[in-house]
Structure formats: structure tokens, C-alpha cells
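Q: Read left to right, the sequence shown gives residues 6 to 426 (this note's numbering). Virtual Cβ for every residue (Gly too), placed ideally from N, Cα, C.
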Amino acid sequence: AQAASAAEPAPARVALSAARLVAPDQDKVIEHPLVLIEGERVTEVRSGGAAPDGYTRIDLGNATLLPGLIDCHVHLTGDPTLSSGNYYKDTLQRSAIDDAVTAHLFAQRTLEAGFTTVRNLGAGEYIDVALRNAIDRGTLAGPRILAATLPLGATGGHADDTTGFSPTIQFHGQTGVADGVDAVRVRVREDVKRGADVIKFMASAGVLSAEESVGAPQYSQAEMDAIVDEAHRWGKRVAAHAHGAEAIRMAIKAGVDSVEHASLIDDEGLKLAKQHGTYLVFDIYNDDYILAEYARLGFPASMTEKEKKVGRLQRESFRRAVKTGEKLAFGTDAGVYPHGWNGKQFAKMVEWGMTPMQAIQAATTNAADLLGWADKVGAVAPGRYADLIAVDGDPLADIAVLEHVRFVMKGGAVVKGAAAR
Ligand code: ARG
6 AQAASAAEPA
16 PARVALSAAR
26 LVAPDQDKVI
36 EHPLVLIEGE
46 RVTEVRSGGA
56 APDGYTRIDL
66 GNATLLPGLI
76 DCHVHLTGDP
86 TLSSGNYYKD
96 TLQRSAIDDA
106 VTAHLFAQRT
116 LEAGFTTVRN
126 LGAGEYIDVA
136 LRNAIDRGTL
146 AGPRILAATL
156 PLGATGGHAD
166 DTTGFSPTIQ
176 FHGQTGVADG
186 VDAVRVRVRE
196 DVKRGADVIK
206 FMASAGVLSA
216 EESVGAPQYS
226 QAEMDAIVDE
236 AHRWGKRVAA
246 HAHGAEAIRM
256 AIKAGVDSVE
266 HASLIDDEGL
276 KLAKQHGTYL
286 VFDIYNDDYI
296 LAEYARLGFP
306 ASMTEKEKKV
316 GRLQRESFRR
326 AVKTGEKLAF
336 GTDAGVYPHG
346 WNGKQFAKMV
356 EWGMTPMQAI
366 QAATTNAADL
376 LGWADKVGAV
386 APGRYADLIA
396 VDGDPLADIA
406 VLEHVRFVMK
416 GGAVVKGAAA
426 R
């Protein structure tokens, strides 16, 4: 009995204070916050006053506190810094095993950049499930992960990595490629069986893949309907990759929970998204990086040419979506650009029409709602995980300060910052 009680010490009590707390869930700023934390959860948020007895005080001085940030679209299994400078060499010589042994580095960079929760929208060989589990066990440092496992896609489409190669070359390994309503249902079940938290499918063509089109639909309406129906039956939300206007409308009609990229969304699409309550996740930083770096990284010109067809228009679509009051959540597609740079997208979102508070809400309150984790993350509030970050300066005056997060706490544990005990 003695041993058992010794093994369960009282949860650590921490009182965290700073100059101000941006509270996106309340649309306000709390001056001189005192956040009381017990174990991995927040128990109370006060304004001013001393730390109660029995609490360890962490005072961040003149810093601004915010809830831990959420990126709804990352790929921790890839990063442009891994590129050899030759796309075909990498495709033929790197395997999912290479991706698996580096993924923890990118998870750690993401966490240290202030992103305490991410949705990993596609990975080979269930690497994202293994990574999520190792982080949840406390073996590795990284954000909370919702894993999509293998993205579903049509033969020859955006998820089919073998397109463009000689038909005599056989690629082995797991694939999310599935065609027809019965096959896509099986594929969804297989992802769920292997540990998926969310289902991702390619509703349209894409940029960084071999097909000619950048936005044409790649599944029929019946296939999209079947994917969403099956995923929802198993209690999993669905994210659809879609650049083109028609594919976006089809995905929304099928009932997806979010449309990723949404580059060429038209008025009808915006109206449908509003009606269905569909989140739009615009990765509007990507374009700068792809156009600046992907030629040097050895990607085929056909892909950078496709980027030129969507990049600018995607930002204009984003601005319209802000004006029409769509539900918008923060997602970067990090992995296409370096992990840890996730925060650079905030300044783009403000440049293209959001207020700083709206941009922060996209990465906290809205993102948590999209993930189905509104009771766990996205706000500094009693009962939520004690996931908090701090920056110098005021993000509501200069959103770019979110590119330099100096303190990160995840589940009550300080993972970055001068005050780390
Ligand atoms: N993964 C996406 C694709 O290949 C990246 C798109 C990036 N471009 C952009 N403008 N957001 O389609």
C-alpha cells in the first residue's frame, strides 16, 4: 500500500503569469493573467494576484501568453531540407523507412515553434500512427497528433505516387489508391483499423504530383459520398484535398468536414460551405516557398508551372472567404515547406484580410472545433490541457511575433523556454 501511494505523487501545481493573455475563445485580452495548472490541465484563469500556496510560480514577465497553436494540415514525414536536389533520385532511392527515422525531428521542431497540436493529413506506412503513439507515451517530444494515415485517391491521381514512371517499374508498400464505391469503403475501414483519427482523400488533382490538371475532380460524386458516409459511420471526420471549383463543391456536397487548399473556390462553393458548415483550410504561405525553392530542389518544371496556376488565386479566394464569413481553420501543409516555419502563415492571413485576432482564432478555437477537440485544446480554460505558448510583444499589434515563440508548455510540462524548470 505504501509503495502504491508513493508511486502516485500529487499532480504538480503551477501558477503561470505574464503581462497579458490573448483569449481567442472570449475574443479578448486578459491583463496580468495568472493561469493555475494542476497536472496536465488548467484549473483556473485569474487576472492578477499572487500564486496560491503550494503552487510553483513561473513568471514570464512582459511576455504575451496564448493557447498552444494548432496546425490542421501538416506532413511530418517529409521536409524540403531532406531533398537531394533531384526529385527522381529521391523518389527512387528514399523509402518510407527513411521518412520514419526523421519524422521525430520535425515533430519536435513543430512543437518548439508553438504548435502543440497538429493534424497530419497523410503519411506512408502508418508512420504517423507510430509517431503519435510514441509522443503520447512520452517517448518522443512532439505535438498532439491526429493521424490520417494513407490518403485515399484515384488511380493516376494526386495520391498515386507511381504516376509518370515506366509501367514496368513496380512500387511496393501500402497505398491509399482505391477506385469505386466498394473499394473506397474498404480503404476507409483499413485506415481506421490501422489507427487513423481522421480520413483524408484527394477530391481533385494537385500541384506536387504528376497529373496534368491542377484542380479537376478525381473521384466521382458517388465515390466521395461513400468515403464520407463510411468514415462518419466509424466516427472519423473527413478532410478533402481540393483545388478546383467543381471538386470543392462535390466534396462539400458529400459532407466533408474540411476542404484543404480550396484554391479556386467559386461563389457557389462559398455558399455551399456556409450552408454545410464546412471548414476551409487555406495553406496560403506555401506558394512563396514553392516558387522560390522548388526549382533548386530539383522538382519537375511541370509542378512549379501548376503552382503558378493556383498560388495567387488561392490568396484571392482566401480574402473572399474571410469577407463572406466562412469557417476558416489554420493549416499550412508544412512538409511542403520546412517544419517549424508554420507560424509564418499568420502574417499572410493578415495581409490577405484577417484581423490578427481572427488569424489566432483560426489556429486555436476554430482549429480545435474542426478537430473535434474543442473540450481539450484551443483555449486556456478550466478543464483544457495546459498547452500554452508565450511570445515577446503583442501579436494583436504585430502578428509576426508568432514566428518567434519563446516559451512552450504542453500538458503542463515546459518543453521550451527560459523558465523551463
Ligand atoms: N500538397 C499541395 C499540392 O500538391 C500543395 C499545394 C501548395 N500550393 C498552394 N498554393 N497552396 O497540391
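(1) Mind checking which residues open and close the alpha helix (DSSP H) that includes E310?
(2) Quick one: using the 10 Å Cβ neighbour count with 16 as the cut-off for buried, is R426 buried or exposed?
(3) Please check the pair F335 and Q350, which I expect to be a contact at CB under 8 Å, by giving their CB distance rounded to whole angstroms.
(4) Figure out for me which residue from A183, P156, R142 and T144 has the closest Cα to the Cα of S225.
(5) Which one of V50, I42, R51 and R46 has the shortest CA to CA distance from G59?
(6) Helix, strand or coil for P361, going by three-state DSSP, please let me know.
(7) Do A331 and L275 have their C-beta atoms closer together than 8 Å?
(8) Bridge partners for A33 per DSSP, in chain order?
(9) Is any heavy atom of the ligand ARG found at a distance shorter than 7 Å from the C-beta of H344?
(10) Between the Cα of T370 and those of F412, A105, N138 and L71, spot the shortest distance and give me the residue it belongs to.
(11) Give the range of the beta strand (DSSP E) segment to which Y284 is assigned.
(12) For A55 versus N347, is the C-beta spacing smaller than 8 Å?
(13) Go to D230, then tell me how far its alpha helix (DSSP H) extends in each direction, as first and last residue.
(14) When the Cβ atoms of the stretch 235-250 are set against those of the stretch 192-212, are three or more pairs found closer than 8 Å?
(15) List the residues that DSSP assigns as beta-bridge partners of V186.
(16) To the nearest angstrom, report how far apart M255 and D76 are at their CA atoms.
(17) Taking the beta strand (DSSP E) that D64 belongs to, which residues open and close that run?
(18) Taking the runs of the alpha helix (DSSP H) that are 4 residues or longer, which of them lie wholly in the stretch 96-163?
(19) Using only the alpha-carbon positions, how far apart do S52 and I35 sit?
(20) Please list, following the chain, all residues that have a C-beta closer than 7 Å to any non-hydrogen atom of the ligand ARG.
(21) Please report the distance separating the alpha-carbon of I150 from that of A300.
(22) Indicate, with yes or no, if the ligand HEM has a heavy atom lying under 7 Å from the CB of R238.
(23) Less than 6 Å between C-beta atoms, sequence neighbours within five positions excluded: which residues of the same chain meet that for A6?
(24) Should the stretch 100-112 be called in touch with the stretch 359-377, which here means at least 3 C-beta pairs below 8 Å?
(25) Measuring straight from C-alpha to C-alpha, what distance separates L126 and A153?
A: Concretely, from the data shown:
(1) To locate residue 310, count along the sequence shown from 1; it is residue 305. According to the DSSP assignment, E310 belongs to the alpha helix (DSSP H) that extends over A306 to K328.
(2) As a first step, residue 426 must be located in the sequence shown, where it is residue number 421. Residue confidence is low: R426 scores 40 on pLDDT, short of 50, so the model does not pin down where it sits. No coordinate-derived value is stated.
(3) Here residue 335 refers to the residue found at position 330 when the sequence shown is read from its first residue. Here residue 350 refers to the residue found at position 345 when the sequence shown is read from its first residue. About 7 Å separates the two Cβ atoms, so the contact holds.
(4) Against the sequence shown, residue 225 aligns to sequence position 220. Measuring from the Cα of S225, the nearest candidate turns out to be A183.
(5) The residue given as residue 59 occupies position 54 in the sequence shown. The candidate whose alpha carbon is nearest that of G59 is I42.
(6) Taking the first residue of the sequence shown as 1, we reach residue 361 at position 356. Helix, per DSSP.
(7) Looking up residue 331 in the sequence shown gives position 326. Looking up residue 275 in the sequence shown gives position 270. The sequence as given places Glu at residue 331; Ala does not occur at that position. By the CB criterion at 8 Å, E331 and L275 fall inside the cutoff.
(8) As a working note, residue 33 is residue 28 in the sequence shown. According to the sequence displayed, residue 33 carries Lys and not Ala. According to DSSP, K33 bridges with A28.
(9) Here residue 344 refers to the residue found at position 339 of the sequence shown. Outside the cutoff, so no.
(10) By one-based count along the sequence shown, residue 370 stands at place 365. Answer by Cα proximity: L71.
(11) Stepping through the sequence shown from its first residue, residue 284 is reached at position 279. First-last of the beta strand (DSSP E) with Y284: Y284 to V286.
(12) One-based indexing of the sequence shown puts residue 55 at position 50. One-based indexing of the sequence shown puts residue 347 at position 342. In this structure, N347 does not lie closer than 8 Å to A55 by Cβ.
(13) Along the sequence shown, read from residue 1 onward, the residue named residue 230 stands at position 225. Segment Q226 to R238, the alpha helix (DSSP H) holding D230.
(14) yes
(15) By one-based count along the sequence shown, residue 186 stands at place 181. Looking at the DSSP output, V186 sits in no beta bridge, so it has no partner there.
(16) In the sequence shown, residue 255 corresponds to position 250, counting from 1. In the sequence shown, residue 76 corresponds to position 71, counting from 1. Taking the straight line joining both Cα atoms gives about 25 Å.
(17) Locating residue 64 in the sequence shown gives position 59, where the first residue counts as 1. Counted as a single uninterrupted DSSP element, the beta strand (DSSP E) harbouring D64 occupies residues T61 to D64.
(18) 101-117 and 132-142
(19) Position 47 of the sequence shown, counted from the start, is the residue given in the question as residue 52. Position 30 of the sequence shown, counted from the start, is the residue given in the question as residue 35. C-alpha separation (whole angstroms): 7 Å.
(20) Qualifying residues come out as H163, G211, V212, L213, S214, H246, H248, H266, S268, D288, I289, N291, D292, I295, E312, V315, G316, Q319, D338 and V341.
(21) To locate residue 150, count along the sequence shown from 1; it is residue 145. To locate residue 300, count along the sequence shown from 1; it is residue 295. In a straight line, the C-alpha of I150 is about 31 Å away from that of A300.
(22) As presented, the structure is devoid of the ligand HEM, carrying the ligand ARG as its sole ligands.
(23) As a position in the sequence shown, residue 6 is number 1, starting the count at 1. Low confidence applies here, because A6 scores a pLDDT of 47, under 50, leaving its location unreliable; read the following figure in that light. Same-chain partners within the cutoff: there are none.
(24) Segments in contact, no.
(25) Here residue 126 refers to the residue found at position 121 when the sequence shown is read from its first residue. Here residue 153 refers to the residue found at position 148 when the sequence shown is read from its first residue. If I take the Cα positions, the gap works out to 5 Å.
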